[in-house]
Amino acid sequence: MTPVLRAGILAALLGASPAMAAETWDNVKAYTVEKKDEAMAYSKKLVRQSDREIKQLERKAAKSSDEVKANFQNDVKELKVKRAEASKKLDEMGKASGAAWDEAKDGFADAYKDLQDSYHKAVKKLK
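Be aware that the sequence shown starts at 4, since it is given in the numbering used here, and climbs by one per residue.
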(Lines of atoms letter the chains of each structure in order from A and count residues from 1; the text may use other names and numbers.)
(Lines give C-alpha, C1' and ligand atoms only; values in the text may rest on other atoms or scores of the structure.)
Protein backbone atom coordinates (compact mmCIF):
# COMPACT_ATOMS: atom_id res chain seq x y z
CA MET A 1 0.00 0.00 0.00
CA THR A 2 1.46 3.37 -0.99
CA PRO A 3 1.90 6.18 1.54
CA VAL A 4 -0.63 8.28 -0.40
CA LEU A 5 -3.23 5.52 -0.29
CA ARG A 6 -2.56 4.83 3.38
CA ALA A 7 -2.86 8.54 4.30
CA GLY A 8 -6.07 8.92 2.32
CA ILE A 9 -7.66 5.88 3.89
CA LEU A 10 -6.63 7.02 7.35
CA ALA A 11 -8.07 10.47 6.72
CA ALA A 12 -11.33 8.97 5.48
CA LEU A 13 -11.61 6.59 8.42
CA LEU A 14 -10.99 9.38 10.90
CA GLY A 15 -13.78 11.53 9.49
CA ALA A 16 -11.49 13.83 7.59
CA SER A 17 -11.89 17.53 8.08
CA PRO A 18 -12.43 19.72 5.02
CA ALA A 19 -8.69 20.52 4.98
CA MET A 20 -7.79 16.83 5.09
CA ALA A 21 -10.38 16.13 2.41
CA ALA A 22 -8.72 18.73 0.18
CA GLU A 23 -5.47 16.83 0.54
CA THR A 24 -7.30 13.61 -0.33
CA TRP A 25 -8.63 14.84 -3.67
CA ASP A 26 -5.29 16.48 -4.42
CA ASN A 27 -3.82 12.99 -3.94
CA VAL A 28 -6.26 11.64 -6.53
CA LYS A 29 -5.20 14.34 -8.96
CA ALA A 30 -1.54 13.43 -8.47
CA TYR A 31 -1.88 9.90 -9.89
CA THR A 32 -0.41 9.31 -13.32
CA VAL A 33 -1.96 7.00 -15.90
CA GLU A 34 0.81 4.50 -15.08
CA LYS A 35 -0.63 4.30 -11.54
CA LYS A 36 -4.21 3.92 -12.76
CA ASP A 37 -4.87 0.70 -10.81
CA GLU A 38 -3.74 2.34 -7.56
CA ALA A 39 -5.78 5.46 -8.34
CA MET A 40 -8.90 3.38 -8.98
CA ALA A 41 -8.49 1.36 -5.78
CA TYR A 42 -7.94 4.53 -3.76
CA SER A 43 -10.88 6.31 -5.36
CA LYS A 44 -13.24 3.36 -4.85
CA LYS A 45 -12.34 3.35 -1.16
CA LEU A 46 -13.14 7.06 -0.98
CA VAL A 47 -16.58 6.49 -2.50
CA ARG A 48 -17.30 3.59 -0.15
CA GLN A 49 -16.26 5.78 2.79
CA SER A 50 -18.67 8.45 1.56
CA ASP A 51 -21.44 5.85 1.56
CA ARG A 52 -20.65 5.02 5.19
CA GLU A 53 -20.58 8.71 6.11
CA ILE A 54 -23.98 9.32 4.52
CA LYS A 55 -25.50 6.34 6.36
CA GLN A 56 -23.99 7.53 9.64
CA LEU A 57 -25.45 10.99 9.05
CA GLU A 58 -28.85 9.45 8.34
CA ARG A 59 -28.72 7.58 11.65
CA LYS A 60 -27.82 10.76 13.54
CA ALA A 61 -30.61 12.71 11.89
CA ALA A 62 -33.13 9.97 12.69
CA LYS A 63 -32.52 10.70 16.37
CA SER A 64 -33.13 14.43 15.90
CA SER A 65 -36.21 16.62 16.10
CA ASP A 66 -38.81 16.60 13.32
CA GLU A 67 -37.60 19.96 12.04
CA VAL A 68 -34.02 18.74 11.79
CA LYS A 69 -35.19 15.55 10.07
CA ALA A 70 -37.15 17.53 7.48
CA ASN A 71 -34.19 19.78 6.69
CA PHE A 72 -31.86 16.84 6.64
CA GLN A 73 -33.92 14.94 4.06
CA ASN A 74 -33.01 17.65 1.54
CA ASP A 75 -29.35 17.36 2.49
CA VAL A 76 -29.40 13.57 2.06
CA LYS A 77 -31.07 13.92 -1.32
CA GLU A 78 -28.32 16.32 -2.39
CA LEU A 79 -25.60 14.03 -1.01
CA LYS A 80 -26.99 11.06 -2.91
CA VAL A 81 -27.06 13.05 -6.16
CA LYS A 82 -23.46 14.14 -5.61
CA ARG A 83 -22.46 10.58 -4.70
CA ALA A 84 -24.01 9.32 -7.94
CA GLU A 85 -22.06 11.98 -9.87
CA ALA A 86 -18.80 10.94 -8.15
CA SER A 87 -19.55 7.31 -9.01
CA LYS A 88 -20.19 8.24 -12.64
CA LYS A 89 -16.89 10.13 -12.78
CA LEU A 90 -15.15 7.16 -11.16
CA ASP A 91 -16.50 4.90 -13.93
CA GLU A 92 -15.24 7.37 -16.54
CA MET A 93 -11.84 7.42 -14.84
CA GLY A 94 -11.71 3.62 -14.99
CA LYS A 95 -12.29 3.68 -18.74
CA ALA A 96 -9.87 6.53 -19.46
CA SER A 97 -6.38 6.10 -20.83
CA GLY A 98 -3.66 8.23 -22.30
CA ALA A 99 -4.66 11.82 -22.98
CA ALA A 100 -8.14 11.37 -21.46
CA TRP A 101 -6.70 10.23 -18.12
CA ASP A 102 -5.99 13.66 -16.62
CA GLU A 103 -9.40 15.01 -17.53
CA ALA A 104 -11.21 11.93 -16.16
CA LYS A 105 -9.09 11.86 -13.00
CA ASP A 106 -9.65 15.57 -12.36
CA GLY A 107 -13.37 15.11 -13.03
CA PHE A 108 -13.59 12.45 -10.34
CA ALA A 109 -11.46 14.45 -7.90
CA ASP A 110 -13.69 17.52 -8.37
CA ALA A 111 -16.88 15.47 -7.98
CA TYR A 112 -15.50 13.87 -4.83
CA LYS A 113 -14.54 17.28 -3.43
CA ASP A 114 -18.06 18.55 -4.11
CA LEU A 115 -19.51 15.49 -2.35
CA GLN A 116 -17.29 15.97 0.69
CA ASP A 117 -18.02 19.71 0.87
CA SER A 118 -21.74 18.95 0.94
CA TYR A 119 -21.23 16.26 3.55
CA HIS A 120 -19.33 18.61 5.85
CA LYS A 121 -22.05 21.27 5.48
CA ALA A 122 -24.69 18.70 6.46
CA VAL A 123 -22.64 17.59 9.47
CA LYS A 124 -22.39 21.19 10.69
CA LYS A 125 -26.18 21.50 10.57
CA LEU A 126 -26.59 18.49 12.83
CA LYS A 127 -24.19 19.71 15.50
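Even for Gly, the Cβ is constructed at its ideal location relative to N, Cα and C.
Minimum C-alpha distance to residue i - residue among the options
| i | options | result |
| --- | --- | --- |
| residue 92 | 36, 35, 46 | 46 |
| residue 52 | 122, 100, 128, 68 | 122 |
| residue 38 | 54, 88, 67, 108 | 108 |
| residue 85 | 111, 30, 129 | 111 |
| residue 59 | 97, 75, 98 | 75 |
| residue 103 | 31, 36, 48 | 36 |
| residue 57 | 43, 80, 100 | 80 |
| residue 49 | 69, 95, 62, 114 | 114 |
Backbone CA spacing between residue i and residue j [nearest angstrom]
| i | j | result |
| --- | --- | --- |
| residue 1 | residue 73 | Because the chain is modelled from 4 through 130, residue 1 falls outside the range shown and cannot be assessed. |
| residue 119 | residue 101 | 28 Å |
| residue 43 | residue 67 | 36 Å |
| residue 116 | residue 124 | 12 Å |
| residue 88 | residue 106 | 15 Å |
| residue 70 | residue 98 | 43 Å |
| residue 90 | residue 96 | 10 Å |
| residue 63 | residue 30 | 30 Å |
| residue 65 | residue 32 | 36 Å |
| residue 34 | residue 41 | 8 Å |
| residue 82 | residue 61 | 11 Å |
Integer Cβ distance of residue i from residue j, believed to fall under 8 Å
| i | j | result |
| --- | --- | --- |
| residue 128 | residue 78 | 7 Å |
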